[in-house]
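Protein chains: 2
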Amino acid sequence: MRHLSERQETLLGLVVHEYVENAQPVGSERLVDQYSLEISSATVRNEMSALTEAGLLRQPHTSAGRVPTEEGYRYFVRQLIGETELPADEKRLISHQFHQARGDVAEWVQLAASVLAQHSRVASLVTAPRPEKTFFKQVELISTQGRQVLMVIVLRGGEVRQQMLTLAEEIPADRLDEWAGQITRTCAGMDASGMAAQAGRWTGLAIDVIRLVGEVMARADAVSSGEIHRDGLTNVLAQPEFADSESARHALVLLEERSFLEEVLAKALSPSIGGVQVVIGGEGAWEELKDCSMILARYGSAEHATGALGVLGPIRMSYGRTISAVRYVAGLMSDLVVESFTGSS
Amino acid sequence: MRHLSERQETLLGLVVHEYVENAQPVGSERLVDQYSLEISSATVRNEMSALTEAGLLRQPHTSAGRVPTEEGYRYFVRQLIGETELPADEKRLISHQFHQARGDVAEWVQLAASVLAQHSRVASLVTAPRPEKTFFKQVELISTQGRQVLMVIVLRGGEVRQQMLTLAEEIPADRLDEWAGQITRTCAGMDASGMAAQAGRWTGLAIDVIRLVGEVMARADAVSSGEIHRDGLTNVLAQPEFADSESARHALVLLEERSFLEEVLAKALSPSIGGVQVVIGGEGAWEELKDCSMILARYGSAEHATGALGVLGPIRMSYGRTISAVRYVAGLMSDLVVESFTGSS
DNA sequence: GTTAGCACTCGGGGGGCTCGAGTGCTAAAC
DNA sequence: GTTTAGCACTCGAGCCCCCCGAGTGCTAAC
Chain H
47 MRHLSERQET
57 LLGLVVHEYV
67 ENAQPVGSER
77 LVDQYSLEIS
87 SATVRNEMSA
97 LTEAGLLRQP
107 HTSAGRVPTE
117 EGYRYFVRQL
127 IGETELPADE
137 KRLISHQFHQ
147 ARGDVAEWVQ
157 LAASVLAQHS
167 RVASLVTAPR
177 PEKTFFKQVE
187 LISTQGRQVL
197 MVIVLRGGEV
207 RQQMLTLAEE
217 IPADRLDEWA
227 GQITRTCAGM
237 DASGMAAQAG
247 RWTGLAIDVI
257 RLVGEVMARA
267 DAVSSGEIHR
277 DGLTNVLAQP
287 EFADSESARH
297 ALVLLEERSF
307 LEEVLAKALS
317 PSIGGVQVVI
327 GGEGAWEELK
337 DCSMILARYG
347 SAEHATGALG
357 VLGPIRMSYG
367 RTISAVRYVA
377 GLMSDLVVES
387 FTGSS
Chain V
47 MRHLSERQET
57 LLGLVVHEYV
67 ENAQPVGSER
77 LVDQYSLEIS
87 SATVRNEMSA
97 LTEAGLLRQP
107 HTSAGRVPTE
117 EGYRYFVRQL
127 IGETELPADE
137 KRLISHQFHQ
147 ARGDVAEWVQ
157 LAASVLAQHS
167 RVASLVTAPR
177 PEKTFFKQVE
187 LISTQGRQVL
197 MVIVLRGGEV
207 RQQMLTLAEE
217 IPADRLDEWA
227 GQITRTCAGM
237 DASGMAAQAG
247 RWTGLAIDVI
257 RLVGEVMARA
267 DAVSSGEIHR
277 DGLTNVLAQP
287 EFADSESARH
297 ALVLLEERSF
307 LEEVLAKALS
317 PSIGGVQVVI
327 GGEGAWEELK
337 DCSMILARYG
347 SAEHATGALG
357 VLGPIRMSYG
367 RTISAVRYVA
377 GLMSDLVVES
387 FTGSS
């Protein structure tokens, strides 16, 4: 399977392209017509035969056209795609949309999902950016009703968490402020374990507050990602491979199953930020997405916060287009994260 | 169509029940067999004929069994369902799950969606509880990096919003605290328009802060609901009426189209809390959900906060079961909202 | 009012047919 | 040696047709 001739590579590329477009096995004559090839259909047949031999194409049945195998798609993506870029006008449009949404993280995430879904025509996933590890910055204690107190915990990077706390006895607001100020001054910059260690050194109300803050931070550190924002679910239903409800259901289950998505995101994105990961047909590791591909990227920056985004669609997907869309959106999101952390307006 | 005999009502009920179970037109003989009726199939045929006349049943084609019409379902729900209750053990299970999740609003919402999806076997929707109108309670100004300031806005009821603000010049943290304290003391309890009116009376930094707070509050008042949490999307794909991908897509589009859901939730739930609204087949008002039904309820309490929840599924739905599930979950959510506001632990 | 009997209807499913796109092979041409 | 025309062969998709049986409405008897 090593060493495809240049012509074979070209033909593989054309088969992939044609199949992605039409969702139908592509035959030799068709190919010659469609792309005005200089060679005859018989030659194409010979080459196709070789590609089939090499495991890059297959025939759904004897005497039907050829279809790329998973291996064929992988070869295509690895060797033939090059560095496709989104058209400049699409880039401009997307970047414009992102500039509109500046300011609100939740909005970015939603927008990224929507943009990906629209430009890739498959289902998209985006998680909000989160720091690798949380550090305490500030706490506010706000009395609500009787002995109920709302704790507002601010983490480094500006993430805000809230948590209710019930006091043993009512405490006036100014005393609460005082406590909060003391705790903030003393504990600023600590991580979850640091907070846990602190608790013992305090008395009264502060013990509970610090313990709870520590718990909230530990919980935040434990989950690998927040909510996973989805969009474009209906796109995958439009694909002919999901025409029968059984396979459609199967694909949708993947997209609903949070734990599965988390696992995939975690495993596929362990490496580094910037690169785009392409998982074609489960790669042997995930039986569940046998007929699906995912294109994933991590965004953000390691010292601030990172998130993940990507798409999930049928194996028969426009990889060039989709990969560049994922890469571009990941880049924009990275910029936004860095911007919002370093405060350059 | 007025005045069905008791026997006719019984038969209508049985047809609905049988059709909901099997998704196939039900014939007279089948009905007699299945439910060991004391009357002959010919009699059943006569009654069915009358029900068809009355517009409550219809035949998919001449010489097929009967299927309830939309009107038939409505009659069934209005007159025949009674006050079905979930079995006690299911109630106990659900209530137990909710007690586990106490404390975090986002968790309730997610749990409610999951429970509804599981017990109704269709797709569920839940919005987070929100107050009718927001009132300012407190603001904190937290310096992050250089001239970037994170505003944390606490609203009555404990809802927390955050908003970035870029200063004209750097201001030390203790000055920020001072400003925040002043604004909080002066403006506590105001609504969005009150805040807007305030802005003019201040100077410097405070103008921007108050203006932004006002905007955030106005924005919060404008959207009728926050994010709509969904679950059980795959359930609807399992229904035979959505076997072909076209209708499945159609249903999924409804569930993805935020604006549509908001409209439906708003219109259907204008009345009051507590009651369960059943929208069968669009009721003429929504062409889009021609083949779907929604069962919706508002939860919470008017003076604190309210949200909406419900399910969307095919018209052929187990109304008794689903209505009681929606009612029960709405009740639990209402309790949680009230509890969390009044602070009774 | 109820029911047995009966002729009639029509959709679904299975079998068989054709059609055509596509293949692999061979032998001739370049 | 590679390319290509020619050709026999394959096999699934689509179509037609037919049969079957569940179900109906009607009529006449109970």
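As you go down the protein sequences, you meet chains H and V in turn.
Under the numbering used here, the first residue of the first sequence is numbered 47, with each subsequent residue one higher.
Under the numbering used here, the first residue of the second sequence is numbered 47, with each subsequent residue one higher.
We put the CB at the ideal spot given by N, CA and C, even for glycine.
These figures come from a predicted structure and were not determined experimentally.
Cutoff 9 Å: residue i Cβ touching any chain H Cβ
i: L102(V); result: no
i: F182(V); result: no
i: Q191(V); result: yes
i: T232(V); result: no
i: Q70(V); result: no
i: R91(V); result: no
i: T280(V); result: yes
i: D277(V); result: yes
i: R362(V); result: no
i: L171(V); result: no
i: E308(V); result: no
i: M236(V); result: no
Residue from the options with nearest C-alpha to residue i
i: P177(H); options: L358(H), V198(H), G203(H); result: G203(H)
i: L342(H); options: A297(H), M363(H), G359(H), L315(H); result: L315(H)
i: R276(V); options: E55(V), L162(V), E116(V), S293(V); result: L162(V)
i: L157(H); options: V168(H), V172(H), R167(H), Y119(H); result: V172(H)
i: G55(H); options: H350(H), Q125(H), N92(H); result: The question names Gly, yet the displayed sequence has Glu at residue 55(H). Residue Q125(H) is the option with its Cα nearest to E55(H).
i: Q285(H); options: N68(H), E52(H), V90(H), D254(H); result: N68(H)
i: L50(V); options: D79(V), V78(V), L102(V); result: L102(V)
i: E329(H); options: G321(H), M340(H), V322(H); result: M340(H)
i: E131(V); options: P106(V), Y374(V), S386(V), L258(V); result: Y374(V)
i: K336(V); options: S86(V), T115(V), G73(V), V90(V); result: T115(V)
i: S305(H); options: E334(H), V324(H), V282(H), V322(H); result: E334(H)
i: R138(H); options: E84(H), T388(H), E385(H), L378(H); result: L378(H)
Any C-beta of chain V under 9 Å from that of residue i
i: V269(H); result: no
i: E186(H); result: yes
i: S391(H); result: Here S391(H) scores only 44 on pLDDT, less than 50, and its place in the model is too uncertain to base an answer on.
i: F144(H); result: no
i: S392(H); result: Look at the range of chain H in this structure, 47 to 391, and you will see that residue 392(H) is not part of it.
i: L335(H); result: no
i: S291(H); result: yes
i: S394(H); result: This structure does not reach residue 394(H), given that chain H is present from 47 up to 391, and the question cannot be answered.
i: V375(H); result: no
i: M263(H); result: no
i: V77(H); result: Looking at the sequence shown, residue 77(H) is not Val but Leu. With 9 Å as the cut-off, L77(H) does not count as an interface residue toward chain V.
i: Q208(H); result: yes
Local Cβ density within 10 Å of residue i, reported as buried at 16 or more and exposed below that
i: G235(V); result: exposed
i: Y81(V); result: exposed
i: P175(H); result: buried
i: S294(V); result: Correcting the residue type first, residue 294(V) is Ala in the shown sequence and not Ser. Buried, since its Cβ has 16 or more Cβ neighbours within 10 Å.
i: S391(H); result: Per-residue confidence for S391(H) stands at a pLDDT of 44, beneath the threshold of 50, marking its modelled position as unreliable; no derived number is given.
i: R247(H); result: exposed
i: Q146(H); result: exposed
i: G327(H); result: buried
i: V402(V); result: Within the shown structure, residues of chain V are numbered from 47 to 391, placing residue 402(V) beyond reach of any answer.
i: R362(V); result: buried
i: A238(V); result: buried
i: Q244(V); result: buried
i: S109(H); result: exposed
i: Q323(H); result: buried
Contact belief for residue i with residue j at Cβ below 8 Å, rounded distance in angstroms
i: F144(V); j: L382(V); result: 7 Å
i: T280(V); j: V299(H); result: 5 Å
i: G356(V); j: S380(V); result: G356(V) to S380(V), Cβ: 14 Å. No contact.
i: F288(H); j: S95(V); result: F288(H) to S95(V), Cβ: 42 Å. No contact.
i: V66(H); j: L358(H); result: Contact flag wrong, Cβ pair sits at about 16 Å.
i: V198(H); j: Q208(H); result: 5 Å
i: L77(H); j: L60(H); result: 6 Å
i: I274(H); j: L251(H); result: With a Cβ gap of about 37 Å, I274(H) and L251(H) do not count as contacting.
heavy atom of the ligand SAM below 8 Å from residue i C-beta
i: G366(H); result: The ligand SAM is not among the ligands present in this structure, which contains no ligands whatsoever.
ask   = Mind pulling the beta strand (DSSP E) runs of 3 or more residues that sit fully within the region 117 to 180 of chain H?
value = For the region 117 to 180 of chain H, the continuous beta strand (DSSP E) assignments of 3+ residues that do not extend past its boundaries occur at 169 to 173, in sequence order.
query = Along the chain, which unbroken stretches of the alpha helix (DSSP H) at least 4 residues long are found entirely within the region 215 to 295 of chain V?
reply = Those alpha helix (DSSP H) runs which fall completely within the region 215 to 295 of chain V and span 4+ residues are 219 to 233, 238 to 244, 251 to 268, 279 to 284.
key: Minimum length 4: unbroken alpha helix (DSSP H) runs contained in the region 301 to 327 of chain V   = Complete alpha helix (DSSP H) runs here, min 4: 304 to 314.
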